[in-house]
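Chemist:
Written out as C-alpha cells, the structure is:
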C-alpha cells in the first residue's frame, strides 16, 4: 500500500470508528474521545470482550470449571440483549447490556473450547447439545440482532428531514474529506461495501 493511501485511510479513521452519521440525531450513538467519534455500542462490546477474556482465563485456569458454567453464563448474559428488542431502555442501560454481550460472546467461545475438550475425553451428550445451542445462538444473534439494529438506525435516517438529500449533514463532512483526499476508490466510509 502506498504512503498516500495509508495517509488517506488514516484521515478517514475518525469517521470509520463512529460508523454512524456524525449529526445531532446520532449524538447518543457515539462517544467523543479526544475529538474522535467512537461508536458507543462497539466500544462497550469490545470492553466486555476484554473483560470476558480475563473472566475466561480465571474460569479455565484458576477455577478449572466445566463447559456448562460458561454455557449457562452465555445464555444469561445474552438474555439482557434481548430486552432491547422488547422494551425502550435508557441509553446507559443499553451500554451496560452491550458490555454484557461482549462477555457473552467470549463465554460462548469458551463453551465451545471446553465442550470440545470434553468430547475428546469421551462422548458427552450434554457437550454435543451445548455445542449445537451455542453455535445456533451465535448465528441467530449475528443475523437477527444485527438486522434489527440496522433497521433501528435506518428508521432514524428515514425520519430525518435531510433523508432525501444526496448527502445529509451527518455524512457530508466524511464525504468531503474523502473527496479532498482523493480516495474515492476506497468507498464511502459508512457504506456496507
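Residue numbers (my numbering): 16 to 208. We put the CB at the ideal spot given by N, CA and C, even for glycine. As the structure is a computational prediction, the values presented were derived from the model and not from experiment.
#1: Residue 117 and residue 168: beta carbons closer than 8 Å?
#2: Which whole-angstrom value describes the C-beta separation of residue 56 and residue 113, a residue pair presumed to lie in contact below a C-beta threshold of 8 Å?
#3: Do you know offhand how far residue 2's Cα is from residue 123's?
#4: DSSP on residue 188, reduced to helix/strand/coil?
#5: Return helix, strand or coil for residue 172, following the three-state DSSP convention.
#6: Hey, would you say residue 61 sits closer than 8 Å to residue 152, going by beta carbons?
#7: With DSSP as the reference, please indicate the residues paired to residue 48 in a beta bridge.
#8: Ordered along the chain, which non-local residues of its own chain (more than five positions away) have a Cβ less than 6 Å from that of residue 180?
#9: Since I believe residue 49 is in contact with residue 33 (beta carbons under 8 Å), could you give me their beta-carbon distance rounded to a whole number of angstroms?
#10: Within the chosen definition, does the stretch 33–47 reach the stretch 162–177 through at least 3 CB pairs nearer than 8 Å?
#11: Under a Cβ-count criterion, where at least 16 other Cβ atoms within 10 Å of its own Cβ denotes burial, should residue 105 be classed as buried or exposed?
#12: The ligand HEM and residue 131: does any heavy atom of the ligand fall closer than 7 Å to the residue's C-beta?
#13: Considering just the uninterrupted stretch of the alpha helix (DSSP H) at residue 158, what are its terminal residues?
Modeler: Let's see:
#1: As a first step, residue 117 is located in the chain shown; it is residue number 102 there, counting from the start. As a first step, residue 168 is located in the chain shown; it is residue number 153 there, counting from the start. No, they are not a contact pair.
#2: Your numbering for residue 56 matches position 41 in the chain shown. Your numbering for residue 113 matches position 98 in the chain shown. About 5 Å; that satisfies the 8 Å criterion.
#3: The requested residue 2 does not occur in the structure, where the chain is confined to residues 16 to 208.
#4: Mapped onto the chain shown, residue 188 falls at position 173. In the three-state scheme derived from DSSP, where H, G and I count as helix and E and B as strand, residue 188 is classed as helix.
#5: For the purposes of this step, residue 172 is identified with residue 157 of the chain shown, where counting begins at 1. In the displayed model, residue 172 falls within a helix according to three-state DSSP.
#6: Working through the chain shown from its first residue, we reach residue 61 at position 46. Working through the chain shown from its first residue, we reach residue 152 at position 137. Result no, Cβ atoms of residue 61 and residue 152 do not sit closer than 8 Å.
#7: On the chain shown, residue 48 is found 33 positions in, with the first residue counted as 1. Paired residue(s): 51.
#8: Locating residue 180 in the chain shown gives position 165, where the first residue counts as 1. Cβ neighbours of residue 180 beyond the five flanking positions: none.
#9: As a working note, residue 33 is residue 18 in the chain shown. As a working note, residue 49 is residue 34 in the chain shown. Cβ atoms of residue 33 and residue 49 stay farther apart than 8 Å, at about 13 Å.
#10: Yes, the stretch 33–47 touches the stretch 162–177.
#11: As a first step, residue 105 must be located in the chain shown, where it is residue number 90. Label assigned to residue 105: exposed.
#12: For the ligand HEM, the structure offers nothing, since it holds no ligand at all.
#13: Counting from 1 along the chain shown, the entry for residue 158 is found at position 143. Premise fails: residue 158 is in no alpha helix (DSSP H) and is neither H nor E.
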